Amino acid sequence: MAVSMASLSCKGLKIAPTNQSIAPFAPGSVAGSGFLVPVPLKLRSISSISLKVQGTASPAAIEGDNTDTVPVPKVIIDQDSDPDSTIVEITFGDRLGALLDTMNALKNLGLNVVKANVYLDASGKHNKFSITKASTGRKIDDPELLEAIRLTIINNMIEYHPEASSQLALGATFGPEVPQEVDVDIATHVKVYDDGPDRSLLVVDTADRPGLLVDLVKIITDINIDVQSGEFDTEGLLAKAKFHVSYRGKPLIKPLQQVLANSLRYFLRRPTTEEASY
1 MAVSMASLSC KGLKIAPTNQ SIAPFAPGSV AGSGFLVPVP LKLRSISSIS LKVQGTASPA
61 AIEGDNTDTV PVPKVIIDQD SDPDSTIVEI TFGDRLGALL DTMNALKNLG LNVVKANVYL
121 DASGKHNKFS ITKASTGRKI DDPELLEAIR LTIINNMIEY HPEASSQLAL GATFGPEVPQ
181 EVDVDIATHV KVYDDGPDRS LLVVDTADRP GLLVDLVKII TDINIDVQSG EFDTEGLLAK
241 AKFHVSYRGK PLIKPLQQVL ANSLRYFLRR PTTEEASY
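Numbering-wise, the sequence shown is residues 1 to 278 according to full-length UniProt numbering.
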């Protein structure tokens, strides 16, 4: 939860209140965090995409995906691995196809898919995309656009694999059935670590919901902490974020770490919350 999110700022962002309900929307669109994103689901052609299969997985390793057991869907947005592009990885056991519809949907968000890679391992098929902003050719540093990417991918996944909706907290919003409240009993974990001479590492595990990525960045920047880069993972009902953060080019001192952790816990409060250890 690659392109450096250097000096990521939420100024000018339209952030939906935490308790704001998600309004109904038409199929083929994504709602969340105060914006509506068109999601075309059909693709006629797409060029300059190289798909590679690395390694093999034995049938026994992935045959579980052919049973009634639904694998955990995962969407990873990685801002650390590549200095020139944002890396997106999508996994849903061995059930995903080439995801050309997803690449087309990303293109309609004003993005370029500059490279695509598919590989198999014991956990299933991993689809990795390197994406840049079409207008600049650079990685994405806008938290609202990063959230739009995440919700677009999840919407497409549920469109073509409705069985995934029961495994995703966002399934209640984007699922094919009438939206209903998802029973998510996940404790929030917030920890801050020293991570070198000029930054700290913030780790947040919490229940997923629409707009979460944007809200996390807003909370961090509202207390004048800079987000340098990070990774945002959606793993079923769980959202896992790692942000490299700093204050005036320095790591966060202990009191500021506590302020940050307390602010996030207050916003993300759940029935049970693990205390951070420093």
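Beta carbons are placed, not taken as given, at the ideal position from N, Cα and C, and that holds for glycine. Since this is a predicted model, take the numbers as computed values, not measurements.
Can you have a look at residue i and say buried or exposed, based on whether 16 or more other CB atoms are within 10 angstroms of its CB?
i    : result
N108 : exposed
S135 : exposed
R248 : exposed
K74  : buried
A261 : buried
D226 : buried
D198 : exposed
G196 : exposed
P83  : exposed
P255 : exposed
Could you tell me how far apart the beta carbons of residue i and residue j are, in whole angstroms, since I believe they sit closer than 8 angstroms?
i    : j    : result
N117 : I90  : The pair is not a contact, with the Cβ atoms about 11 angstroms apart (cut-off 8 angstroms).
A105 : N156 : 6 angstroms
L201 : F232 : Wrong, their Cβ atoms sit about 14 angstroms apart, outside the cutoff.
L238 : I186 : 6 angstroms
Assign residue i to one of three DSSP states: helix, strand, or coil.
i    : result
K139 : coil
D84  : coil
S166 : helix
T152 : helix
V217 : helix
Q79  : coil
V259 : helix
D101 : helix
L268 : coil
L201 : strand
D222 : helix
L237 : coil
L96  : coil
L111 : strand
Taking the alpha carbon of residue i as the reference point, which residue from the options has its own alpha carbon closest?
i    : options                   : result
I149 : I253, G230 and G110       : G110
R265 : D226, D233, V192 and K250 : V192
T188 : D198, V203, R199 and D195 : V203
G211 : V113, E147, I220 and T102 : E147
F243 : I131, Q79 and V72         : Q79
T85  : T152, R138 and L201       : Per the sequence shown, residue 85 should be read as Ser rather than Thr. Minimum Cα distance to S85 is reached at R138.
Q257 : A239, Q228, E235 and I223 : I223
L145 : V217, K125, A164 and D205 : V217
I153 : T102, P71, T69 and T206   : T102
K250 : T206, L100, D194 and D205 : D194
K125 : Y160, P71, S165 and S81   : P71
For the ligand FAD, is there a heavy atom less than 7 angstroms away from the beta-carbon of residue i?
i    : result
P197 : With respect to small molecules bound, the structure shown includes none, and the ligand FAD cannot be examined in it.
Give me the Cα-Cα distance between residue i and residue j, rounded to the nearest whole angstrom.
i           : j    : result
V88         : V259 : 31 angstroms
A122        : R95  : 13 angstroms
D208        : Q167 : 11 angstroms
I220        : I131 : 25 angstroms
G230        : D215 : 15 angstroms
L252        : P143 : 22 angstroms
S263        : Q228 : 19 angstroms
T234        : A241 : 9 angstroms
I77         : L151 : 11 angstroms
P162        : F92  : 12 angstroms
N112        : I140 : 11 angstroms
residue 299 : V190 : Shown here, the chain extends from 1 to 278; a query on residue 299 therefore has no answer.
I158        : A169 : 12 angstroms
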